[in-house]
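What follows is the structure, given as structure tokens:
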């Protein structure tokens with residue numbers, strides 16, 4: 704639900720800007736996202752890092768050193784996939800919760816570029832919305848099929864430039880590809896349902912009545 708709502712809100716903002724200015728200012732879009740997210744992220748990383756140095760266990764020291772780079776660059780979901788530490792283990796790492804924020808930020812980076820390419824004309828919005836619904840459902844079906852087949856067990860790690868063993872559950876639960884289903888569904892709803900553009904009856908007497 705979090706990703707569906709996020710996909711809806713971000714796409715709605717992009718549609719509004721396109722309709723208002725006939726273009727999308729990518730740089731300003733990204734700056735607004737960074738201003739909302741980066742200060743809180745870096746504050747949390749610093750506070751948790753200081754706590755770990757003075758009060759954390761040896762294991763937590765190792766976890767922090769391993770997870771810090773992934774967290775800073777909004778790649779925490781992939782860091783957890785390649786770490787082979789089970790997401791549903793009983794001893795969570797200090798930065799486990801950053802995976803959803805990483806997926807979100809990757810969406811902010813990639814989706815506006817895709818939007819500019821596929822949503823140039825407002826007249827095609829409803830058709831595009833229906834197409835995105837089908838793509839979203841397709842990703843869901845593919846994810847379910849992968850779960851049944853127990854795939855993947857290996858995935859390409861661009862940082863080591865090699866195939867690396869991964870947990871199927873971790874990959875399907877945390878990867879940007881599989882989580883795109885909710886984001887795409889939210890984006891589809893933004894194209895199909897535009898409540899802010901519904902013209903209601905005029906209420907000249909509303910202020911007096913209140």
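Numbering (our numbering), first residue to last: 704 to 913. Every residue, glycine too, gets a C-beta built ideally from N, C-alpha and C. Note that the coordinates shown come from a computational prediction; the quantities given were computed from them, not determined experimentally.
Check your understanding: Over what stretch of residues does the beta strand (DSSP E) that includes residue 792 continue unbroken?
Key -> Position 89 of the chain shown, counted from the first residue, corresponds to residue 792. That residue, residue 792, is in no beta strand (DSSP E); it is neither H nor E in DSSP.
Starting from residue 815, trace the alpha helix (DSSP H) both ways and give me its first and last residue. Your numbering for residue 815 matches position 112 in the chain shown. First-last of the alpha helix (DSSP H) with residue 815: 801 to 821.
Run through DSSP, which three-state label would residue 862 get?
The residue you call residue 862 lines up with position 159 of the chain shown. Three-state result, residue 862: coil.
Q. What do you get for residue 815, buried or exposed, if any count of 16 or more other CB atoms within 10 angstroms of its CB means buried?
A. One-based indexing of the chain shown puts residue 815 at position 112. Classification for residue 815: buried.
If I follow the unbroken alpha helix (DSSP H) through residue 776, where does it start and stop? Here residue 776 refers to the residue found at position 73 of the chain shown. Careful: residue 776 lies outside any alpha helix (DSSP H) and carries neither H nor E.
Between the beta-carbon of residue 929 and the beta-carbon of residue 767, is there less than 8 Å? Outside the displayed span of the chain (704 to 913) sits residue 929, for which this structure offers no information.
Leaving aside the five residues before and after residue 787 along the sequence, list all residues of the same chain whose C-beta is less than 8 Å from its C-beta, in chain order. Locating residue 787 in the chain shown gives position 84, where the first residue counts as 1. These residues qualify, in order along the chain: 868, 869, 870, 873.
What number of angstroms, rounded off, separates the C-alpha of residue 716 from the C-alpha of residue 761?
-> Reading the chain shown from its first residue, position 13 is the one you call residue 716. Reading the chain shown from its first residue, position 58 is the one you call residue 761. When rounded, the distance between both Cα atoms is 45 Å.
Q. From 726, 733, 782, 751, pick the residue whose C-alpha is nearest to that of residue 862; which is it?
A. Walking along the chain shown from the start, residue 862 turns up at place 159. When each option's Cα is compared against that of residue 862, the closest is 782.
* What residue from 812, 774, 797 has the CA that sits closest to residue 710's CA? -> The residue labelled residue 710 in the question sits at position 7 within the chain shown. Among 812, 774, 797, the Cα nearest to that of residue 710 is on 812.
Residue 824, enclosing alpha helix (DSSP H) - first and last residue
Here residue 824 refers to the residue found at position 121 when the chain shown is read from its first residue. Careful: residue 824 lies outside any alpha helix (DSSP H) and carries neither H nor E.
inquiry  = For residue 921, list the residues DSSP reports as bridge partners.
reply    = Any question about residue 921 goes unanswered here, given that the chain covers just 704 to 913.
(Q) Which of the three DSSP states is assigned to residue 908 in this structure? (A) Position 205 of the chain shown holds residue 908. Residue 908: coil per DSSP, three-state reduction.
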